[in-house]
Amino acid sequence: MNQQEDWRKILLFPLLVVALLLNQIWSRASVLDRWLLLSLFLSSSLLLALYCWLYKSTSGLQRKRRLERIASIPLEILSSDDGVLMGEELELSEKIYLPDAIRKRHVHVIGATGSGKTESVILNFLRQDVKRGFGSVILDAKGDASFLEDLRNHVPVEKLLVFDLGDANSIPYNPIETGSPLEAAQRLFASLTWSEEYYKSKALSALQRLFQLHFETRDRNPTLAELAAYLETPDKYSACVNTDDFPKALALEEFRELSGLRDQIRSLTLGHLLKLLSPLAETRIRLEDAQLGTVIYFRLQSLMSPQLVTVLGRLVVNHLSYLAGSAHRTGAKGSKRMTPVYLDEFASFACTEFADLISKARSANLALHFSHQSIGDLMEVSEGFLSRITDNAATKIVLRINDPESAEFFARSFGTRQFQKSTQRVTNAKDMEKAEIVGEGTIRDARQFRASPDLLKTLPTGVGAVLVAHGKDTPEGASSVFKIRFPPLNPIG
């Protein structure tokens, strides 16, 4: 006989006594009294049942915890006119919004191929931005035709500018037009690839000299085509840079050490790239126009030429970094309106300069949204690059991850929450189907992942674990974690 059966016998006697008393009262009561007693009994039973259902049942406890969680979420995340709808929280059945003020502290999206990064997150956010009248800058390393088609269907034609790396008739873009000669030279230099420190330093020196001398004679920065022409032959190079301080003999000697620079710049002027990246016409893409409501789309198509996409993507990133840096230097806040920047599969052109951009973009009202597939994409850039990126992104959207290391990393990044862990002793533990629960047990405080690695590896397509660092003082701390089903793509009215 176990302890539960002992308690049943102990409780049986007082119940029998109460039943006998009620029977005596009932037998002596009048008809009216019986109706009153019956009404009182039914009302009490109903109230008791309602109390147990609301506060003691499994569904009641779940409802209580749900309401407590909802109460701990900042109001601007539950309803926001100045933000985008992320989707429905599956455990709370509530719509979750991402306010613009939090978006300007940047959004990090990670997920395996086919998990929904582009369709569920980027295109959904982008469509809502278009509906609200925001301009944006989009770097699409994949260059899927469906992305461009979606933009043409939902962005007014006068508001859409497309730079298509595979289309000779695309709107051109001059990545080194803005900034001082030394700044533009540095942006170009940082976008190229170098292996030897000696030739790297020689290339930087030569670029700065070419930019400065060209600016002094033309009152503008050179185009890529003009740089390629200066570097075409030793005589052309020496004729450009020859000065009293830098004689022809020294210029000819230096030219022999610039083959890496010469080849990389020449590759940006071959074929239709000459027209696309060295425009002389007035009609060309200016990133500053995104602040005025223009949607600027760079279709890069990394499968066509990975090396070219890497350089061009870095040129755009460094151009954005220059714009953000200009806001810092002048003390201006840039446009009063936010400018969303979307970098889809940005690992193709990730560079150390991107870490500088993400740390200062907020002051220029640039809201960065960058996606990739695993942490290995970022660890290849430099030591500490991954930490700088994740530390500076207030919102992390994790869709299904196949890489175990990435799942563990983001589970730790999301943190843990406290819960009460209960244990009970059972008999006949060798056969769990016949096991009986013994009344003894323990309850203790424990910690569990807010989003476990197994959860991150098994999320359905279009569903993500989302960390929003809102900075408010709540029972869950200064951040909230949600399991969100992102809305399906519907046409924007």
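In our numbering, the protein residues as written are 1036 to 1528.
All C-beta atoms, glycine included, are put in the ideal place defined by N, C-alpha and C.
Under DSSP, Tyr1377 shares a beta bridge with Ile1173 and His1404. The continuous alpha helix (DSSP H) containing Pro1439 extends over residues Pro1439 to Phe1449. The three-state reading of DSSP puts Leu1335 in coil, since its state is none of H, G, I, E or B. With fewer than 16 other beta carbons inside 10 angstroms of its own, Val1066 counts as exposed.
Secondary-structure assignment with DSSP links Pro1207 through no beta bridge to anything. In terms of Cα proximity to Asn1256, the closest of Val1197, Ile1211, Leu1266 and Lys1237 is Ile1211.
Burial is judged here by how many other beta carbons sit within 10 angstroms of a residue's own beta carbon; Phe1449 has at least 16 and is buried. Note that the C-beta distance between Arg1397 and Leu1183 is not below 8 Å. Closest option to Asp1202, judged by alpha-carbon separation, among Gly1419, Gln1243, Leu1223 and Ala1180: Ala1180.
Within the same chain, Cβ atoms closer than 7 Å to the Cβ of Ile1300 are found at Leu1259, Leu1262, Ala1263 and Leu1266, the five residues on either side in sequence being excluded. Between Ala1362 and Ala1399, the C-beta gap is smaller than 8 Å, which places the two residues in contact. A straight line joining the alpha-carbon of Ile1173 with that of Leu1308 spans about 20 Å. Counting C-beta atoms within 10 angstroms of its own C-beta, Ile1060 has fewer than 16 neighbours from the protein chains shown and is therefore classed as exposed.
Burial state of Asn1058 is exposed, judged by a 10 Å Cβ sphere holding fewer than 16 other Cβ atoms. Taking the C-beta atoms as reference points, Tyr1208 is found nearer than 8 Å to Leu1311.
Taking all protein chains in view, the Cβ of Ala1481 is surrounded by fewer than 16 other Cβ atoms within 10 Å, so the residue is classified as exposed.
Setting aside the 5 residues that flank it on each side, Thr1318 is surrounded in the same chain by Ile1206 and Pro1207, each with a C-beta closer than 8 Å to its C-beta; the list follows chain order. The beta carbons of Arg1349 and Ser1226 sit closer together than 8 Å. Sequence-distant partners of Asp1438 (beyond 5 residues in either direction) whose C-beta falls short of 6 Å from its own C-beta, in its chain, are Ser1409.
Contact check for Pro1375 against Asp1164 passes: the beta carbons are separated by less than 8 Å.
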